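To keep things clear, I will list the structure first and then write my remarks on it.
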Amino acid sequence: MRRPLKGKGALSPYDEKVREAASSHVAAAMMEQQQQQQQQHPFTYIFVGRRTFYLLSLTDILRLRATCTWLRGLFRAAQLRDRLRHSLGSQAGLLVRFDDDQFGVRDLLVAVCVMEEGEWVEIGELMVVGRHIDFGDDSCLRIFHHGHNSEVRAIKDQPDFRLNLDPPLAAHHLYQQHRQQHDPPVRSRIRYRDAIGEWVSRGPTTDASVSSFAKRKILDHFYGTHQINHTQISHNRRVGGGRLDGLLTQSPHTPVAGCSTTLSWGGGVRWLVLINGSHDFVAWIVILDCGDGTVWGCVRTSEAPAAGMREGAPFKCRFAVTTRLARVALGRVASYVFDSQVEQQQQQQDDDSDDDDDDGGGGWDDLDEGSGEDSGGDGGVAEAECGD
């Protein structure tokens, strides 16, 4: 039997209890919010600002902290952390991210200062977090700044480990042409010598940027302390539609398809990092301009060899994941590196394509041709050659 409908607005005893409970909950929440607002200092929003806009500059904050001690409580870790995250969110493509949950007030102030006032953001970031980049042998990528002479050193606080930030370069130099204000070139003598397991000072080299220097030091140390396998080849820089030439002459800061990051040093050396945080190994490509129209290329990896594959098997068979990643970055050049394609054969193919392409063919549009994990081009054929 159906229950008769109650009149509009009538509530059952159960509904009355639900309404009373809900009202009590809302009242308690409003009271708690009012108490929090009363506890909030009235100047908080003036000095700290909202999450998306800050009324005071960092200089103002530092002056207030130094001269008005009763206001220091307004600039605690939580407020500074919000401001730091806001500053980080407004800048893209930075070298590192601050693990700000581990920072105290002092570190947070330095980090905010670096992000908002530093002329060279990348070197400032390294000054804050470099000591946390531990190489595992009692050394780290620490940056030392000597205020009395503005000297900056890396890894070891010794004169031979000085960094020459933004060194004078010729106007036509690749690094000068593509210089970035926040991340300028740097010259140093710092090397990792794996024979003795120590950082040493040797002949000077110039990196395209501070971030490039940092990434190279990390890879240098990794190369000297881990088992690395490689495959290498030398070829005319114009092969594969000029892919190698393009990688060496474009801006060293240009992202490369299939790579998580790149770095450049010496004016004619570029490294392409193939892996990201999802991989359990490290792999990168070294491209070196030999200066005589040829380029030396090397694919390096710490990937574990494929199970059941003999030691003398082709690189592409023993290290299949690295090979697939490298094919994307190398494009048409990959067939030379992994598939033993001869230059004469490719030259004939390029000449034939020149007759068909209005723009001369063989350009950057060929990056992914016949490459990649799902490709049906040369890469797919090459993988089929791997057998037990």
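Residues 368 to 755, numbered by our numbering, are exactly what the sequence shown covers, in order. Each residue gets a CB set at the ideal place from its N, CA and C atoms; glycine is no exception. Fair warning: this is a prediction, and the values are worked out from it, not measured in the lab.
- In the DSSP annotation of this structure, the continuous segment of the beta strand (DSSP E) that includes Ile654 starts and ends at 650-656.
- Shortest Cα-Cα distance from Asp587 to any of Gly635, Leu536, Arg699, Asp561 involves Asp561.
- Note: Phe511 is bridge-paired with Arg520 in the DSSP secondary-structure output.
- For Asn596, the beta-bridge partners assigned by DSSP are Thr668.
- Just so you know, the alpha carbons of Val623 and Ala673 end up roughly 27 Å apart.
- Bounds of the alpha helix (DSSP H) holding Ser702 are 701-706.
- The beta carbon of His602 sits closer than 8 Å to the beta carbons of Leu611, Thr661, Val662, Gly664, Val700, Tyr703, Glu710 from its chain, once the five residues preceding and following it are set aside; these are given in chain order.
- Between the alpha carbons of Leu536 and Asp550 lies a distance of about 15 Å.
- Going by beta carbons, Phe686 and Glu670 fall inside the 8 Å limit.
- Taking 8 Å as the cut-off, the beta carbon of Arg554 is found closer than this to the beta carbon of Pro571.
- Scanning Lys523, Leu541, Leu641 for the CA closest to the CA of Asp574 turns up Leu541.
- The beta carbons of Ala650 and Thr592 sit about 16 Å from each other, so the pair does not count as a contact at 8 Å.
- Going by C-alpha positions, Ser627 is about 22 Å away from Gly607.
- A Cβ-Cβ separation of about 4 Å places Leu692 in contact with Leu641 under the 8 Å criterion.
- With contacts defined as CB atoms closer than 8 Å, Ser568 and Phe528 qualify as a contacting pair.
- The alpha-carbon of Gln446 is positioned some 30 Å away from that of Val519.
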